[in-house]
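Working notes, structure below.
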Amino acid sequence: MGADKLEENLTFLEHDIRRQTGASDFHWFGRAGTALYVAFKSVIEKNNRVEAPEIILPSLSCATPSNTALMAGFKVRYSDVDLKDGLVTLENIKQRVTKNTIAVLLIHLYGNTGNAKEISEWCAANNIVLIEDIAQATGALLPDHKSVGSYGDFSVFSFNKTKIIEDGGGLLILKNQSFKNTVENKIEELEYSGIGSTDRKSLALSYRNLHHSLVALLRMADHETEKRISDSFMNIRNMYAPLYLEKFKYNPDLLKSWELLDQNIANRNAKAQLYREKLAANDKVRIISNAASNVCWRFSLVLDNTLDLHEISEQVRKDGFHVSNLYWPVNEFFYPSDTCPNTKFISRNIINLWVDASVNEEYVIRCAESLTKHINHLR
Ligand SMILES: *Cc1c(COP(=O)(O)O)cnc(C)c1O
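Letter 162 of the sequence shown, counting from 1, is numbered 162 in my numbering, and no numbers are missing.
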């Protein structure tokens, strides 16, 4: 497909996003990770205020935002999250602000949406750039009913595997026009690693294995040991940098999925609602998926800490259902000095259940029954 045709097709999708968010510029990459990297590089480049720029990131997250922030040259700081939904509040962010803070990343995690309006007003008043990460919240609404991406100076979408739309790609959108030229320059300078797909796969596998190995150690670690584990990780993390820079490859299915987004979201919500009905009355679980955002990525709940998360996850898996326990606190890898007790609690007690197209409503009902059975058995 020629470049003109490609542009024409994506214009349709971009037009929708422009209407929803007011964004003016659209830049496509292979991954949201690359989009984040370009945003972070641009913020650092344009800053003429501080020598050692810092970014505040949520401590409950995958590692991609942290890895790309470090690659771009930030010092990373971590805010704790709210126990009710796993998202950062303005109060959490304020606890980490220093004179070197020039950026804040707000992640709309699990499809839940943070108070972007309030955070963006505070950022603007403090000369801090706000980036919204909407990788897990495509199509979601903020607490004030605006679309995700309506407040960030930058916002980042992911259309890769496991997200709401899975046809490939990462999108950087820009609302703050003053960054226009800097972003274009940073994209021009971008050096894609040229790593082959086989090497990329083994490197990604190596990262996953490393992550799991270190999480197993961190589970048993006291604070001193935690620091040693973090130091080891920080020593080698840059070997994984090539993973994060990936060129966009256009897949026409992306547009079909975009047209079907409302239906996709409605199907997910119907399943989330079923889990909610089946599990809401259980006093040993606290549901953290928030129906008000209108998007459910995975249906997420936190177990009472008298229950054994791993025992219960294993039992439900044995009954044939998907269970994940995302995420481990990223601060424990990247900057353990920022302690985040709420994230620590959530990460050690969370259960994520599937609502995507791979499961139907009957599955959801049986999965909720399996979970309830094992909770009641172990209580
Ligand atoms: C998946 C994810 C990313 C990275 O997306 P890629 O397209 O895989 O680079 C970034 N942030 C969050 C919150 C994610 O879930």
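Every residue gets a Cβ at the ideal spot worked out from N, C-alpha and C, and that includes glycine. As the structure is a computational prediction, the values presented were derived from the model and not from experiment.
Could you give the residue range of the beta strand (DSSP E) that holds residue i?
i, result
"E132", "V129 to D133"
"A280", "Where A280 is concerned, there is no enclosing beta strand (DSSP E), given that its DSSP letter is neither H nor E."
"S178", "First-last for S178: undefined, no H or E at that position."
"Y244", "Unbroken run through Y244: none, as it is neither H nor E."
"E54", "E54 to P58"
"K75", "K75 to S79"
"V156", "F154 to S158"
Within this structure, are the beta carbons of residue i and residue j separated by less than 8 angstroms?
i, j, result
"S61", "V76", "no"
"L254", "D167", "yes"
"L326", "I375", "no"
"A216", "I229", "no"
"S155", "I128", "no"
"D304", "K284", "yes"
"L70", "L105", "no"
"W28", "L171", "yes"
"L274", "V364", "yes"
"I119", "E54", "no"
"K163", "A125", "no"
"T34", "E246", "yes"
"N112", "D153", "no"
"N352", "S324", "yes"
"V38", "K186", "yes"
"F74", "I107", "no"
"F40", "A72", "yes"
"D319", "S370", "yes"
"K227", "P341", "no"
"A63", "V295", "no"
"I346", "L87", "no"
Secondary structure at residue i, three-state DSSP: helix, strand or coil?
i, result
"I164", "coil"
"S293", "helix"
"I390", "Only positions 1 to 379 of the chain appear in the structure, and residue 390 is not among them; the question remains open."
"A103", "strand"
"G2", "Its pLDDT being 45, under 50, G2 is placed unreliably in this model, and the value from its coordinates should be taken loosely. Of the three classes helix, strand and coil, the one that applies to G2 here is coil, per DSSP."
"I288", "coil"
"D16", "helix"
"F40", "helix"
"S24", "coil"
"L303", "strand"
"G170", "strand"
"S232", "helix"
"S193", "coil"
"S313", "helix"
"F29", "strand"
"L141", "strand"
"S324", "strand"
"S147", "strand"
"Q136", "coil"
"P336", "coil"
"L87", "coil"
"Y110", "helix"
"R268", "helix"
"N48", "coil"
"V183", "helix"
"V97", "coil"
"Y250", "coil"
"A357", "coil"
"D262", "helix"
I believe residue i touches residue j by the beta-carbon criterion, under 8 angstroms. Please report the beta-carbon distance rounded to the nearest angstrom.
i, j, result
"L174", "A23", "6 angstroms"
"S42", "T343", "In fact, because the Cβ distance is near 28 angstroms, the residues do not count as touching under 8 angstroms."
"S289", "F299", "5 angstroms"
"G169", "F159", "4 angstroms"
"K117", "D144", "5 angstroms"
"L218", "W328", "7 angstroms"
"S232", "T21", "At roughly 41 angstroms, the Cβ-Cβ gap does not stay under 8 angstroms, so S232 and T21 are not in contact."
"W297", "H322", "The pair is not a contact, with the Cβ atoms about 13 angstroms apart (cut-off 8 angstroms)."
"E361", "A266", "That belief does not hold up - the Cβ atoms of E361 and A266 are roughly 13 angstroms apart, past 8 angstroms."
"T182", "K46", "5 angstroms"
In terms of residues, what are the limits of the alpha helix (DSSP H) holding residue i?
i, result
"L203", "S197 to M220"
"S66", "T64 to A72"
"W122", "A116 to A125"
"W328", "Taken as a continuous stretch (DSSP letters only), W328 belongs to no alpha helix (DSSP H), as it is neither H nor E."
"R366", "E361 to L378"
"S257", "D253 to E259"
"N92", "L90 to K94"
State yes or no: is the beta carbon of residue i nearer than 8 angstroms to at least one beta carbon in chain B?
i, result
"K41", "No chain B is part of this structure, which consists of one protein chain only."
Consider the C-beta atom of residue i and the heavy atoms of ligand 3; say whether any pair is separated by less than 7 angstroms.
i, result
"A116", "Among the ligands modelled here, namely ligand 1, ligand 3 does not occur."
Check: For ligand 1, which residues have a Cβ under 6 angstroms from at least one heavy atom, in chain order?
Finding: R31, A32, G33, S61, C62, T64, P65, I107, D133, A135, Q136, S158, N160 and G170
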